[in-house]
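Please read the structure below before turning to the comments.
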Amino acid sequence: LLRFHLTPVRMAGIMKTNNNKCWLGEDSSRNVFYSPISMSSALAMVLMGAKGTTAVQMKHMLPLLSTPVSTLQSLNCGDVHQNFQSLLTELNKTDTEYFLRTANRLFGEKSYDFLSSFKDSCQNFYQAEMEELDFLNATEESRKHINTWVAKETEGKNILLSPGSLDKITKLVLVNAIYFKGNWDKPFDKELTRERPFKVSKNEEKPVQMMFKESTFKMTYIREICTKILVLPYVSKELNMIIMLPDEHIDLKTVEKELTYEKYIEWTSPDKMYKEEVEVFLPRFKLQENYDLEEVLPSLGMTDAFDKARADFSGMSLKRDLYLSKVVHKSFVEVNEEGTEAAAATAVECRLLCKRLTQRFCADHPFLFFIQHSRTRGILFCGRVSSP
192 LLRFHLTPVR MAGIMKTNNN KCWLGEDSSR NVFYSPISMS SALAMVLMGA KGTTAVQMKH
252 MLPLLSTPVS TLQSLNCGDV HQNFQSLLTE LNKTDTEYFL RTANRLFGEK SYDFLSSFKD
312 SCQNFYQAEM EELDFLNATE ESRKHINTWV AKETEGKNIL LSPGSLDKIT KLVLVNAIYF
372 KGNWDKPFDK ELTRERPFKV SKNEEKPVQM MFKESTFKMT YIREICTKIL VLPYVSKELN
432 MIIMLPDEHI DLKTVEKELT YEKYIEWTSP DKMYKEEVEV FLPRFKLQEN YDLEEVLPSL
492 GMTDAFDKAR ADFSGMSLKR DLYLSKVVHK SFVEVNEEGT EAAAATAVEC RLLCKRLTQR
552 FCADHPFLFF IQHSRTRGIL FCGRVSSP
């Protein structure tokens with residue numbers, strides 16, 4: 192059977208397993224960074240060509256990726272694509288004080304017969320053109336060509352496909368890229384950055400460059416998980432970085448076990464936040480992560496797409512000989528004094544009991560962070576900083 196590769200570049204949102212828990216990887220000592228919006232929009236394009244049980248599984252899996260389209264679970268496939276079309280239009284606005292760009296593209300084997308209806312739908316809903324390449328006779332040249340496109344769309348931050356990742360039976364490479372660069376609404380003063388210890392674990396510390404600023408920010412405290420939440424806005428306040436910092440005696444794994452998309456939305460609701468004068472200590476950090484998701488997606492219920500015998504992508508081709516073989520995700524983020532560059536239930540909360548004139552938010556131990564679009568509340572990127 193022939194196969195095709197799915198290669199979303201970056202992700203944003205909260206990915207959940209079937210038990211509705213946040214997926215940030217099994218090893219809590221590892222840094223994590225990804226963009227579920229990128230991944231979910233790429234998979235939604237695959238859904239465009241899926242039929243039968245394959246489509247049903249993908250449709251049920253998409254809400255687990257926690258896209259900002261909160262009603263995905265009750266929508267039919269057409270509504271899913273219309274919602275993504277609206278979302279991508281909103282995210283790609285040009286009249287902003289930050290730079291945010293998403294791009295989709297299909298790279299198809301030139302000798303393979305793809306349905307024009309599939310190509311037209313991808314163009315209509317996702318602005319994804321299909322470019323014909325010669326995977327059969329020029330596999331390595333095709334890989335380099337795709338990487339050139341990815342590098343262009345992410346300002347050189349991502350080289351997606353490694354040597355040998357494509358072969359002569361590859362028929363389709365579907366790519367989604369997302370790139371963000373924004374300055375803080377209130378920048379950190381470089382003169383105040385100092386070397387300070389970061390508590391990687393109870394028994395390990397490492398020196399980091401710790402940034403500092405004091406100003407008024409929105410924050411809250413979730414007693415349920417003993418965690419402070421701080422909102423750091425970017426210029427124009429259309430995007431925010433939201434940081435979840437557990438108390439020093441609380442392991443970050445405790446927070447991750449309780450975190451679901453519904454709880455995240457509740458805990459970070461604007462009406463739950465209050466303004467405080469805050470001393471903020473935040474380490475500079477740079478993360479670059481690579482993920483192969485062939486095991487994660489089946490655990491979310493998307494099994495038939497990877498099965499040669501069961502995969503039904505007859506919406507892409509009448510031959511019914513395609514299956515999903517690989518899902519690649521690469522992501523990059525850098526946070527410094529100026530800003531950020533990135534190429535990817537009911538909570539019981541109350542104000543901090545120890546009221547001081549100035550609150551202290553010192554991220555000198557592992558924390559979670561999210562880059563969120565204010566109006567849609569869509570999560571563009573999220574991650575775990577265990578060791579800056």
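So the sequence shown is numbered by our numbering: it starts at 192 and just counts up by one. The beta-carbon is built from N, C-alpha and C at its ideal position, and this holds for glycine as well.
Excluding residues up to 5 positions away in sequence, M402, F403, K404 lie with their Cβ nearer than 8 Å to the Cβ of L383 in the same chain. In the three-state reduction of the DSSP assignment, Q318 falls in the coil class. Take F379, set aside five residues on each side of it, and the residues of its chain with a beta-carbon closer than 6 Å to its own are M402, K404, E528, in chain order. When rounded, the separation of the alpha-carbon atoms in K372 and K477 is 13 Å. Looking at the backbone, the Cα of L571 and that of A329 are separated by about 35 Å. In the three-state reduction of the DSSP assignment, S392 falls in the strand class. Spatial neighbours of Y317 in its own chain (CB-CB distance under 6 Å, excluding positions within 5 residues in sequence) are listed in chain order as M236, N295. For Y303, the CB contacts under 6 Å within the same chain, skipping 5 residues up- and downstream, are K362 in chain order.
With respect to the 7 Å criterion, M435 and L559 are classified as neighbours on the basis of their beta carbons. Of all alpha-carbon atoms in L484, R551, K499, N374, the one lying nearest the alpha-carbon of E439 is that of R551. About 34 Å separates the Cβ atoms of Q563 and N394, ruling out a contact at the 8 Å cut-off. Beta-bridge annotation (DSSP): S406 is paired with V469.
In the structure shown, Y452 falls within a helical segment according to DSSP collapsed to helix, strand and coil. Just so you know, the alpha carbons of A319 and E457 end up roughly 34 Å apart. Beta-bridge pairing by DSSP links G574 to F224, F560. Between the beta-carbon of F290 and that of M507 there is about 33 Å, and that puts the pair past the 8 Å contact cut. For Y370, the closest C-alpha among the options Q479, Y455, V247, F523 is that of F523.
Residue burial annotation: N481 is exposed, with fewer than 16 other C-beta atoms found within 10 angstroms of its C-beta.
Here D495 carries a helix assignment [DSSP, helix/strand/coil]. D311 sits in a helix when the DSSP states are folded into three classes. DSSP, reduced to helix, strand and coil, places M507 outside both helices and strands of the structure shown, so it counts as coil.
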